[in-house]
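Listed in order, the protein sequences are those of chains Y and B. Residues in the first sequence are numbered from 50 upward in steps of one, following our numbering. Residues in the second sequence are numbered from 50 upward in steps of one, following our numbering. Remarks on the structure that follows.
Number of protein chains: 2
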Amino acid sequence: MTIGLDMMGGDFAPLEAVKGIQLYLSETGDPAILLLTGDEAQINPLLQEYSIPASQVKVVHAPQVIDMHEHPTKALREKQQSSIAIGFHLLATGKSDAFISAGNTGAMLVGSMYSIKAIDGVQRPTISTIIPKDNGKTGLLLDVGLNADCKPEHLNQFATLGSLYAQYILGIEKPRVALLNIGEEEGKGNILAQGTYPLLKENTEINFAGNVEGRDIFLDKADVMVCEGFTGNVILKLAESFYEITHAKSIRHEYLDRFNFENYGGTPVLGVAKPVIIGHGISHAKAFSNMIKLAQKMIDTDLMAKMKASFEGQ
Amino acid sequence: MTIGLDMMGGDFAPLEAVKGIQLYLSETGDPAILLLTGDEAQINPLLQEYSIPASQVKVVHAPQVIDMHEHPTKALREKQQSSIAIGFHLLATGKSDAFISAGNTGAMLVGSMYSIKAIDGVQRPTISTIIPKDNGKTGLLLDVGLNADCKPEHLNQFATLGSLYAQYILGIEKPRVALLNIGEEEGKGNILAQGTYPLLKENTEINFAGNVEGRDIFLDKADVMVCEGFTGNVILKLAESFYEITHAKSIRHEYLDRFNFENYGGTPVLGVAKPVIIGHGISHAKAFSNMIKLAQKMIDTDLMAKMKASFEGQ
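Structural data, given as structure tokens:
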């Protein structure tokens, strides 16, 4: 198993990426080989400094970097020697089995769609976030920003993708999938929610649990919650800010700590044909380590094959 | 000044309403006359028990009650002797200057639209919520559920209504009005947000502050934030649940206490021609007292006239 990692992505690259590799290797019994893309001159000394065994990593030199604020499509086209472009090339050509970056999110999404492509039948790949439930369990919310305008069929597909992710990666058997809505009963909500409910009810790939409301998001009412990417993105950023605000006010509690999204590493792009994981720009060592573990789990469980099977014939 | 109050609305009516009246009268220098609708046989003994001066209240007997789960339009039509229907009648005919209920929200909204009607030029009345900012200030978010599907022009009108409310009721001079969005720059967001931004930019009735994101909602980036009622309702209920979850976990802090929405009383229906305030079903004495104070402030500041002036010629 070979996992590609962009060493130049994120605010603290490449140092935190190297520290993340060290952490990953120290915590993993049967670690993957890591294929590192980025500037050799910066990476190699750090790999030595942090005593990363040469047998576990291979550096593929990438002389260019796509900055956080560059236009994704333009940057990917013009910087074909960038760590992200080369990382996607390695994934697309089978040299790696997954690709991770905490760099330019837009470029990661564009690369996912155009270098790797969506699974046959998937109309819109999606990104999700982990939701810490009040009883200690973990749920999934999607879409959280990739698809700001959606049709009912898109949300229905997010439900299938999210359900498989919850089952194989979060380890939840028969995940309860709910529609995020502004009322409990069928027929409530905006036009999109009203149109989505019957599709979810008929979706045999999921275990539909009806509507959940804003007050239920952090309760254990459902394992997977679907919404369009506008509402989902607002919720994600609001939840992140809750951690930051309470932390700044020195309000401490293990429940609040679970809103520190660095713990979760990054978000996979669900619905593309190979494992792609996008990290937060502020990723530190732990986030990098967790992203590598997540990629490994996605490969180990053969999640992509499960998703392809679900969408066959659609 | 005469303020109408539905004594039968809410889970703890009429007892908590009476206790709320007592609290209001004890805390207010120049209290309004209160016109109470509901079941005399239940109300009068409580008024005596809580020593409410007869000079301050007048009971208008209403033999019927609209339950929390009744269909609003049907209930209002069939129960014309209900405390809500009579309350609206008193407001519509000028016997009272405001009407408050913690009862059936839908019936309160239907009554607002059909008994009182929208201000000329207002396409969609709206409901808002108070947002506790991390620095101790208070903001406003609207719409929070009355309008699940919106057009840009609706959000633009919410901006004007919210700005006037923030100015005259929250006491914020030149309120900064922002568009809730999923990116900072103009052009970001879903189709609705993209269409709304230019209207807000050109709206001379407001002080437009650009986009805010989910992470900014509880920060002091803007005083008034506008969105459609789907996202707004999810945020409102999520914020309420944060208080409940942290409270249940015994996480205590004065900042978290500000998420106890009972402190704020209720939400006015903005954009209708007279002051109408809807309370939470679980309203206790403090919430009732705060709702009466809010109604008094809306009358004192002549907020309705300010709103009418803003929409003249539109």
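Ideal Cβ placement from N, Cα and C applies to all residues, glycine included.
(request) Check whether the Cβ of His120 (chain B) lies closer than 6 angstroms to any heavy atom of the ligand SAM, and answer yes or no. (result) With respect to the ligand SAM, the structure shown offers nothing to examine, as it has no ligands at all.
(message) Quick check: the region 330-342 of chain B against the region 189-203 of chain B, are at least 3 beta-carbon pairs closer than 8 angstroms?
(response) no
(message) Output needed in chain order: residues of the region 188-217 of chain B with a Cβ under 8 angstroms from some Cβ in chain Y.
(response) Gly194, Ala197 and Asp198
(message) Which runs of the beta strand (DSSP E) at least 3 residues long sit entirely within the region 59-142 of chain Y? Give them in chain order.
(response) 82-87 and 106-110
(message) Bridge partners for Thr51 (chain B) per DSSP, in chain order?
(response) B:Ile82
(message) Tell me which residues of the region 224-242 of chain B have at least one Cβ-Cβ distance to chain Y shorter than 7 angstroms, keeping chain order.
(response) Leu229, Ile231, Gly238, Asn239 and Ile240
(request) Sort out for me which residues DSSP pairs Thr316 (chain Y) with in a bridge. (result) Y:Ile327
(message) Contact defined as beta carbons within less than 8 angstroms: I believe Ser145 (chain Y) pairs with Leu139 (chain Y). What is the distance between those atoms, to the nearest angstrom?
(response) For Ser145 (chain Y) against Leu139 (chain Y), the beta-carbon gap comes to about 5 angstroms, under 8 angstroms, which counts as contact.
(request) Just list the alpha helix (DSSP H) runs in the region 192-256 of chain Y, keeping only unbroken ones of 4 residues or longer that don't cross its boundaries, in chain order. (result) Listed in chain order, the complete alpha helix (DSSP H) runs (minimum 4 residues) inside the region 192-256 of chain Y are 201-217 and 240-251.
(message) Looking at chain Y, is there any beta carbon in it that lies within less than 7 angstroms of the beta carbon of Val67 (chain B)?
(response) no
(message) For chain Y, check one thing: does any of its Cβ atoms lie closer than 7 angstroms to the Cβ of Tyr292 (chain B)?
(response) Output row for Tyr292 (chain B): interface = no.
(request) Pick helix, strand or coil for Ser21 (chain Y), following the three-state DSSP scheme. (result) Residue 21 (chain Y) lies beyond the range of chain Y shown here (50 to 363); nothing can be said about it.
(request) State whether the region 343-363 of chain B contacts the region 166-180 of chain B, with contact taken as three or more CB pairs (one from each stretch) at a distance under 8 angstroms. (result) Yes, the region 343-363 of chain B touches the region 166-180 of chain B.
(request) Would you mind telling me which residues of chain Y sit closer than 8 angstroms to Asp183 (chain B), beta carbon to beta carbon, in chain order? (result) Per Cβ cutoff of 8 angstroms: Ile294, Ala297 and Lys298.
(message) The alpha helix (DSSP H) that contains Ser299 (chain B), what's its start and end?
(response) No alpha helix (DSSP H) contains Ser299 (chain B), which DSSP labels as neither H nor E.
(request) Go through its chain and collect everything with a Cβ distance to Gly155 (chain B)'s Cβ below 7 angstroms, but skip five positions before and after it. (result) Pro121
(request) Would you kindly work out how many angstroms separate the C-alpha atoms of Pro63 (chain Y) and Ile92 (chain Y), rounded to a whole number? (result) Cα to Cα, the separation comes out at about 7 angstroms.
(message) Taking the alpha-carbon of Val261 (chain Y) as reference, which of B:Ser290, B:Gly259 and B:Ile255 has the nearest alpha-carbon?
(response) B:Ser290
(request) State whether the region 290-309 of chain Y contacts the region 209-220 of chain Y, with contact taken as three or more CB pairs (one from each stretch) at a distance under 8 angstroms. (result) no
(message) Any beta carbon of chain B sitting closer than 7 angstroms to that of His118 (chain Y)?
(response) Closer than 7 angstroms: no.
(request) Would you give the residue range spanned by the beta strand (DSSP E) that Ser177 (chain B) belongs to? (result) Thr175 to Pro181
(message) Can you give me the C-alpha to C-alpha distance between Asn309 (chain B) and Gly160 (chain Y), rounded to a whole angstrom?
(response) 45 angstroms
(message) Please confirm whether Tyr163 (chain Y) has its beta-carbon closer than 7 angstroms to some beta-carbon of chain B.
(response) By this cut-off, Tyr163 (chain Y) is not an interface position.
(message) Would Asn252 (chain B) pass as an interface residue toward chain Y - the criterion being a Cβ-Cβ separation below 7 angstroms?
(response) no
(message) Please report the straight-line C-alpha distance between Ala134 (chain B) and Ile326 (chain B), rounded to a whole angstrom.
(response) Cα to Cα, the separation comes out at about 14 angstroms.
(message) So, at 6 angstroms on beta carbons, what are the nonlocal neighbours of Gly185 (chain Y) in its own chain, with the 5 sequence-adjacent residues on each side left out?
(response) none
(message) On the DSSP bridge list, what partners appear for Met274 (chain B)?
(response) B:Leu190 and B:Ala227
(request) Could you say which of B:Glu65, B:Ser164, B:Ile180 and B:Ile82 lies nearest to Ala271 (chain B) if we only look at CA atoms? (result) B:Ile180
(message) Could you give the first and the last residue of the continuous alpha helix (DSSP H) run that contains Phe337 (chain Y)?
(response) DSSP places Phe337 (chain Y) inside the alpha helix (DSSP H), whose first and last residues are Ala334 to Asp349.
(request) State the start and end residues of the unbroken alpha helix (DSSP H) segment that holds Ser359 (chain B). (result) Leu352 to Phe360
(request) Under 9 angstroms between beta-carbons, which chain B residues line up against Ile266 (chain Y)? List them in chain order, please. (result) The answer, in chain order, is Val283, Lys286, Leu287 and Ser290.
(message) Does Asp79 (chain B) pass the burial test, meaning 16 or more other C-beta atoms within 10 Å, or should it be called exposed?
(response) exposed
(request) Please list the partners that Thr280 (chain B) has in chain Y, where partner means a Cβ-to-Cβ separation under 8 angstroms. (result) Those within 8 angstroms of Thr280 (chain B) in chain Y are Phe279, Thr280 and Val283.
(message) Could you pull the DSSP bridge partners for Val321 (chain B) from this structure?
(response) B:Ala167 and B:Leu319
(request) Would you list the residues sitting across from Ser161 (chain Y) in a DSSP beta bridge? (result) Note: Ser161 (chain Y) sits in no beta bridge, so no partner.
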